[in-house]
Structures are given as structure tokens and as C-alpha cells.
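K.L.:
Below: one structure in C-alpha cells.
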Amino acid sequence: MTERKILIYPESKNKLRMKSEPVESVSSGVKKIIKDLKDTIKEHEEGIGLAAPQINIHKRVVIVCLGNDQNGDWEAGTPRALINPQIIMEADERKDFDGCLSFPGLYGETIRPHKLRVIGLDESGHSFDEVFQGFNAVIVHHEIDHLDGILFIDRIKSPEDLYRMHKKPSGEIVKVPIGVKINPL
Ligand code: NI
Numbered sequence: 001m002t003e004r005k006i007l008i009y010p011e012s013k014n015k016l017r018m019k020s021e022p023v024e025s026v027s028s029g030v031k032k033i034i035k036d037l038k039d040t041i042k043e044h045e046e047g048i049g050l051a052a053p054q055i056n057i058h059k060r061v062v063i064v065c066l067g068n069d070q071n072g073d074w075e076a077g078t079p080r081a082l083i084n085p086q087i088i089m090e091a092d093e094r095k096d097f098d099g100c101l102s103f104p105g106l107y108g109e110t111i112r113p114h115k116l117r118v119i120g121l122d123e124s125g126h127s128f129d130e131v132f133q134g135f136n137a138v139i140v141h142h143e144i145d146h147l148d149g150i151l152f153i154d155r156i157k158s159p160e161d162l163y164r165m166h167k168k169p170s171g172e173i174v175k176v177p178i179g180v181k182i183n184p185l
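Using the numbering used here, the letters of the sequence shown correspond one by one to residues 1 to 185.
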């Protein structure tokens, strides 16, 4: 078990903004990074993706918990690693839900491609060429952004698209725009 501390914005802003370097091969060192990412995300049940720079390793390695949304109910799957992922086609930009373990409690609506063709290496070192669709494309795009120091707040177009979730005493969960006081009623 090698759970690592996730870098939080803005305290670790400079480290989160750094560009990550490609890896040469899926060495034992890279496998260790993947294991650390998986062990770390396990501790965060809301986590559906994590990039190596978020645990202060500036290598182009991410994990994504892709789901199946064929029935309309999206559910996260088991973590899978994408190594040196490179986008070669993106299409179908739409607004969708976003959040990040480096921004605890903060959520938003970002515009991202919902169709994404990506090449890279898998955990075994084999190359892949795959098309991700829907919310899976959003997750992969978000994680690849981290490798270039791009954060989800950069993709928020309007201030009211950034909010916190607040649970009312009634149990109802409401969106509270940033800068607006939470009304306990
Ligand atoms: Ni993130």
C-alpha cells in the first residue's frame, strides 16, 4: 500500500501547473507510479481519474475509471492506466460535469470533447489506439490536461458554472455558486 498525498490547489499550484515528461517504456518505475496512483485513488471514493503530477510525479502517466453509460446511468469502472497518452482526434464538444481531486468539494460544468481518439501505451507496454466516447472521453481529456498543467477551472467559461455542493438538512443536495453564502435553510 503506497497511498500518496494528492497535491491541492492553490497550495501546490506551481507543481500542478508543470508539464510532465513522457516515459521511455513501461519500466518497473512506471509500474510503481501506476500502483501508487491506484492505491491513492482507492482512498477517494469520488475519484474517477488521477494523473501522476497530482501525486507530484511529473511523468505522462494517468489512471482513469471508465464506465459504461449505455443505460444512461454512468458508473465508474476499475482503474486503468494510460501511458504517454496522445490525442489524435477530438470532436463533439459539449458541456458536462467536472471535478478534480486537487480541488476538494469544487465542481463545475466544462466544455470538452465527447469523442476522443487517443494513442499511447497500456500497463503491459503495448500500444493502443482507441476512441473514447461520452463521459469517458471527458475523463480521459481531463486527465491528459493534467499532464500539460491544465486544470478544470481553466475550462470553465462562466463564473456560475463553478460551484460547491451543499447538502441541506432535508437531505436535498444543492449547487452553491462560488462566492455565495450557504443558506442553512
Ligand atoms: Ni483532476
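We put the CB at the ideal spot given by N, CA and C, even for glycine.
Between the alpha carbons of L162 and N68, how many angstroms are there, rounded?
P.N.:
The residue given as residue 162 occupies position 162 in the sequence shown. The residue given as residue 68 occupies position 68 in the sequence shown. Distance between the alpha carbons of L162 and N68 is about 26 Å.
K.L.:
Would Q86 be called buried (16 or more neighbouring beta carbons within 10 Å of its own) or exposed?
P.N.:
As a working note, residue 86 is residue 86 in the sequence shown. Under this definition Q86 is an exposed residue.
K.L.:
Indicate, with yes or no, if the ligand NI has a heavy atom lying under 7 Å from the CB of C100.
P.N.:
Taking the first residue of the sequence shown as 1, we reach residue 100 at position 100. Yes, the beta carbon of C100 sits closer than 7 Å to at least one heavy atom of the ligand NI.
K.L.:
Indicate the three-state DSSP secondary structure (helix, strand or coil) for G29 in the structure shown.
P.N.:
Position 29 of the sequence shown, counted from the start, is the residue given in the question as residue 29. The answer is helix: DSSP assigns G29 an H, G or I state.
K.L.:
DSSP beta-bridge partners for I153?
P.N.:
Counting from one through the sequence shown, the residue named residue 153 turns up at place 153. Paired residues: none, contrary to the question.
K.L.:
What's the C-alpha gap between N84 and I156?
P.N.:
Start at 1 with the first residue of the sequence shown, and residue 84 comes out as number 84. Start at 1 with the first residue of the sequence shown, and residue 156 comes out as number 156. Computed Cα separation, rounded: 26 Å.
K.L.:
Kindly list the residues whose CB is nearer than 8 Å to the CB of V176, restricted to its own chain and excluding five residues on each side of it in sequence; keep chain order.
P.N.:
Counting from one through the sequence shown, the residue named residue 176 turns up at place 176. If we look at V176 and ignore the five residues flanking it on each side, its Cβ neighbours are Y163, R164, M165, H166, I182.
K.L.:
Quick check: is any heavy atom of the ligand NI less than 7 Å from the C-beta of F97?
P.N.:
Your numbering for residue 97 matches position 97 in the sequence shown. Checking every heavy atom of the ligand NI against the Cβ of F97, none is found closer than 7 Å.
K.L.:
Going by Cα to Cα distance, which pick from G105, S124, V140, G99 is closest to P113?
P.N.:
Indexing the sequence shown from 1 puts residue 113 at position 113. When only C-alpha atoms are compared, the closest one is V140.
K.L.:
Could you tell me whether any Cβ in chain C is nearer than 8 Å to the Cβ of L101?
P.N.:
Reference to chain C is not applicable here, since this structure consists of a single protein chain.
K.L.:
I'd like the span of the beta strand (DSSP E) that includes F103, first residue to last.
P.N.:
As a working mapping, residue 103 is identified with position 103 in the sequence shown. That residue, F103, is in no beta strand (DSSP E); it is neither H nor E in DSSP.
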